[in-house]
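K.L.:
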Amino acid sequence: MDVKTCLEKLGYVGVLNFATVDEDGGPQVRNISAVHYEGTDIYFLTARGKSFARQLYRDGRVQISGYTRYKETIRISGIALEAPEEEQLQWRDILYREQPYLENVYPGETKNIDTIFVIKNYTIEYFCLSTRPITREYFTVGDGILKPKGYRITEACIGCGKCARVCPQKAVYKVTDKDVGNVEDETVYKALDKGEDKPGDKSGGKSGDKSGDKATGKGGSRATPNSYIIRQNNCLQCGNCFENCPVKAIRRH
Ligand SMILES: Cc1cc2nc3c(=O)[nH]c(=O)nc-3n(C[C@H](O)[C@H](O)[C@H](O)COP(=O)(O)O)c2cc1C
Ligand code: SF4
Ligand code: SF4
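Pasting the structure below:
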């Protein structure tokens, strides 16, 4: 999976769920279909007077989620900013061209109440339940910052193997000699530990190539033989290993 494919999939989904935070800190979610993808930038249209717009002006945090028929969820977390005034008409024209039904919603001059927001810095969580084991991947675009999630086996592990036995997806495995220094699973956490901004680079998916935006990859594991490790890309984050570890060696993020 990569950023470009995730955005293409969201484009096919069409109507997405956009969540914001209201003035009481409560969640607010609604359907939005007027979305335009320009490289990795995500433009969307709303009306200035809607609660949605007011929440974005006050607190730009936004989360978008889309679900595909292949049992995939693509979730984007970022900050939405109003597009610069001099660009508003350009993006509005593009959105009206791509979504002709908008003319029915805001005919003629009434569309002057529209405003366009853009999300340029964000993270993507790709989650797919149609593979066995399940697939989870993270990506960053621009200055998006990944927040660690899920579970991690710490150095307090005594190697009893209980977590591996209770894992519904077989996402916990025993590190062998040949794995050491070549383990892919905990890269998200290793990068955060090292104080890196984030795993991967900042190129996003703009070039359309493989782009280095993937928040997973090989190398640098501190895993030692006979220790256990969670393959983050296959983890449901269900917590079964955490609840069953006899020495509380599993940390929750
Ligand atoms: C299929 C569908 C697509 C929609 N697309 C948009 C859209 O692109 N922009 C928008 O502002 N509202 C859109 N709406 C309407 C919003 O979902 C609706 O106005 C919502 O109440 C806005 O949230 P708010 O009440 O928090 O402002 C759409 C509604 C539906 C049913
Ligand atoms: S993490 Fe806990 S349950 Fe898993 S092998 Fe280590 S000690 Fe056992
Ligand atoms: S959180 Fe659940 S899926 Fe992930 S490793 Fe633990 S038991 Fe397995």
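According to the numbering used here, the stretch in the sequence shown is residues 1367 to 1619, in order. From the three backbone atoms N, C-alpha and C, an ideal C-beta is built for every residue, glycine too. Note that the structure is a prediction, hence the values are computed from the model and not measured.
1. Can you list, in chain order, the residues of its chain with a C-beta nearer than 8 Å to that of Tyr1378? Leave out the 5 residues immediately preceding and following it.
2. Quick check: the Cα distance between Lys1437 and Gly1415, rounded to an integer number of angstroms?
3. Count the other CB atoms, across all protein chains shown, that sit within 10 Å of the CB of Asp1407; report buried if there are 16 or more and exposed otherwise.
4. Relative to ligand 3, is the shortest distance from any of its heavy atoms to the C-beta of Leu1316 smaller than 7 Å?
5. Does the separation of the CB atoms of Glu1491 and Tyr1504 fall below 8 Å?
6. Between Leu1558 and Arg1396, what straight-line distance do the alpha-carbon atoms span, to the nearest angstrom?
7. Is it right to say Thr1553 is buried, meaning 16 or more other beta carbons lie within 10 angstroms of its own, or is it exposed?
8. CB-CB under 8 Å to Asn1610, same chain, minus the five flanking residues each way: which ones, in chain order?
9. Please list, in chain order, all residues of the same chain as Ile1430 whose beta carbon is under 6 Å from its beta carbon, the five residues on each side excluded.
10. Say the cut is 7 Å; is the CB of Gly1516 nearer than that to a heavy atom of ligand 2?
11. Using 7 Å as the cut-off, classify the Cβ of Ala1385 as near or not near the heavy atoms of ligand 3, replying yes or no.
12. By how many angstroms is the C-alpha of Pro1612 removed from the C-alpha of Asp1480?
13. Give the secondary structure of Lys1437 by DSSP, where H, G and I count as helix, E and B as strand, and everything else as coil.
14. Are there any heavy atoms of ligand 2 lying less than 7 Å away from the beta-carbon of Tyr1467, as far as the coordinates show?
15. Determine the closest residue to Leu1602 out of Arg1420, Tyr1517, Lys1513, with distance taken between C-alpha atoms.
P.N.:
Here's the rundown:
1. Position 12 of the sequence shown, counting from 1, holds the residue named residue 1378. Here the set comprises Thr1434.
2. In the sequence shown, counting from the first residue as 1, residue 1437 sits at position 71. In the sequence shown, counting from the first residue as 1, residue 1415 sits at position 49. Spanning the two alpha carbons is a distance of roughly 35 Å.
3. On the sequence shown, residue 1407 is found 41 positions in, with the first residue counted as 1. Buried, since its Cβ has 16 or more Cβ neighbours within 10 Å.
4. With the chain covering only 1367 through 1619, there is no way to say anything about residue 1316.
5. Working through the sequence shown from its first residue, we reach residue 1491 at position 125. Working through the sequence shown from its first residue, we reach residue 1504 at position 138. Contact: yes.
6. Taking the sequence shown and counting its residues from 1, one reaches residue 1558 at position 192. Taking the sequence shown and counting its residues from 1, one reaches residue 1396 at position 30. Because Leu1558 carries a pLDDT of 45, less than 50, the predicted location of this residue cannot be relied on, and no value is offered for it.
7. Start at 1 with the first residue of the sequence shown, and residue 1553 comes out as number 187. Confidence is the limiting factor: at Thr1553 the pLDDT is only 47, short of 50, which leaves the residue's position unreliable, though a coordinate-based value still follows. Answer is buried; the Cβ neighbour count reaches 16.
8. Residue numbering aside, residue 1610 sits at position 244 when the sequence shown is read from its first letter. Lys1528, Cys1529, Val1532.
9. Numbered from 1 along the sequence shown, position 64 holds the residue referred to as residue 1430. Cβ neighbours of Ile1430 beyond the five flanking positions: Leu1382, Phe1384, Ile1442.
10. Residue 1516 sits at position 150 when you count from the first residue of the sequence shown. No, since every heavy atom of ligand 2 falls outside the 7 Å radius drawn around the Cβ of Gly1516.
11. Locating residue 1385 in the sequence shown gives position 19, where the first residue counts as 1. Every heavy atom of ligand 3 is 7 Å or more from the Cβ of Ala1385, so no.
12. Here residue 1480 is taken as the residue at index 114 of the sequence shown, counted from 1. Here residue 1612 is taken as the residue at index 246 of the sequence shown, counted from 1. When rounded, the distance between both Cα atoms is 57 Å.
13. The count along the sequence shown starts at 1 and reaches residue 1437 at position 71. The answer is coil: DSSP assigns Lys1437 none of H, G, I, E or B.
14. Residue numbering aside, residue 1467 sits at position 101 when the sequence shown is read from its first letter. No, ligand 2 has no heavy atom inside 7 Å of this Cβ.
15. The residue you call residue 1602 lines up with position 236 of the sequence shown. When only C-alpha atoms are compared, the closest one is Tyr1517.
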